[in-house]
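Colleague: Numbering (the working numbering), first residue to last: 990 to 1182. Where a beta carbon is used, it is the ideal one built from N, C-alpha and C, also for glycine. Every value quoted in this text rests on a predicted model; they were computed, and no experiment measured them.
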């Protein structure tokens, strides 16, 4: 791995390209999005939290299954892209600028979705975020984790087994189901035991 990308790097990326990883158009990203939607279930769900929403490519689909979606993104440019993606959903879905670890917009959620985030966090930031997620997810709620299984040059941590490490850092017991696994990525549906 080379030097990890920073929030400034993400800000520049989103400011120069609204879909830098082609998450709206890439076939593999569409398959991953369907796996994420399968993991959260058909809904409608009460409160849903999405951490690191990027450009809102998953947010739009999640909002259709939520009575209330809080889609967070750490960068100003990314938050604007998420807001644009969610505009057709009205007041039921909102884009919020938030860099984890940080206090979540609400204290309890029925579903929490974390996609393509964990390896960009330092181990300490990931541990604090894990504990925050465990506190915020209501009993019986579902945590969806969707991450690459292979490393990229800008990661702060290695991808292999990172989702399981994150779950261990919550200090809670989880029932873990693999929704979809490819050579490149994996989507897990996790319920507090």
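What do you get for residue 1130, buried or exposed, if any count of 16 or more other CB atoms within 10 angstroms of its CB means buried?
Modeller: With 16 or more other Cβ atoms within 10 Å, it is buried.
Colleague: Go ahead and pull the three-state DSSP assignment for residue 1156.
Modeller: Helix.
Colleague: If you compare alpha carbons, which of 1082, 1158 and 1153 is closest to residue 1165?
Modeller: It is 1153.
Colleague: Counting C-beta neighbours from all protein chains within 10 Å, is the total for residue 1159 16 or more, i.e. buried, or is it exposed?
Modeller: Looking at its Cβ environment, which holds 16 or more other Cβ atoms inside 10 Å, residue 1159 is buried.
Colleague: On the criterion of 16 or more Cβ atoms from any shown chain inside 10 Å, does residue 1041 qualify as buried, or is it exposed?
Modeller: Counting Cβ neighbours within 10 Å, residue 1041 comes out buried, since at least 16 surround it.
Colleague: Can you have a look at residue 1155 and say buried or exposed, based on whether 16 or more other CB atoms are within 10 angstroms of its CB?
Modeller: With 16 or more other Cβ atoms within 10 Å, it is buried.
Colleague: Is the CB-CB distance between residue 1099 and residue 1034 below 7 angstroms?
Modeller: Yes, the Cβ-Cβ distance between residue 1099 and residue 1034 is below 7 angstroms.
Colleague: Anyone know if the C-beta pair for residue 1026 and residue 1050 falls short of 7 angstroms?
Modeller: Cβ atoms of residue 1026 and residue 1050: closer than 7 angstroms.
Colleague: Consult DSSP for residue 1054 and reduce its assignment to one of helix, strand or coil.
Modeller: Coil at residue 1054, not helix or strand.
Colleague: On the three-state DSSP scale, how would you describe residue 1100?
Modeller: Three-state DSSP puts residue 1100 in a strand.
Colleague: Quick check: residue 1161 and residue 1148, are their CB atoms within less than 7 angstroms of each other?
Modeller: Not closer than 7 angstroms, so no.
Colleague: Can you tell me whether residue 1017 is buried or exposed? The criterion is at least 16 other CB atoms within 10 Å of its CB, across all chains shown.
Modeller: The residue is exposed, with fewer than 16 neighbouring Cβ atoms inside 10 Å.
Colleague: So, under 8 angstroms CB-CB, residue 1108 and residue 1136 are touching, yes? Tell me the CB distance rounded to an integer number of Å.
Modeller: Indeed, because the Cβ distance is near 7 angstroms, the residues count as touching under 8 angstroms.
Colleague: How would you write the range of the alpha helix (DSSP H) that residue 1020 sits in, first residue to last?
Modeller: Start and end: 1016-1029.
Colleague: Where residue 1036 and residue 1180 are concerned, what is the direct C-alpha to C-alpha distance, given to the nearest angstrom?
Modeller: Cα-Cα distance, rounded: 16 angstroms.
Colleague: Whole angstroms is fine: what's the gap from residue 1173's alpha carbon to residue 1021's?
Modeller: Answer to the nearest angstrom: the Cα atoms are 10 angstroms apart.
Colleague: Hey, out of 1007, 1167, 1046 and 1182, whose CA is closest to residue 1128's CA?
Modeller: Checking every option, the nearest Cα to that of residue 1128 belongs to 1182.
Colleague: For the alpha helix (DSSP H) holding residue 1120, just list the boundary residues, first then last.
Modeller: Looking at the DSSP string, the run of the alpha helix (DSSP H) that includes residue 1120 is 1112-1125.
Colleague: Whose C-alpha, out of 1079, 1106 and 1013, is nearest the C-alpha of residue 1134?
Modeller: Among 1079, 1106 and 1013, the Cα nearest to that of residue 1134 is on 1106.
Colleague: In angstroms with no decimal places, state the Cα-to-Cα distance between residue 1122 and residue 1101.
Modeller: So the alpha carbons of these two residues sit roughly 8 angstroms apart.
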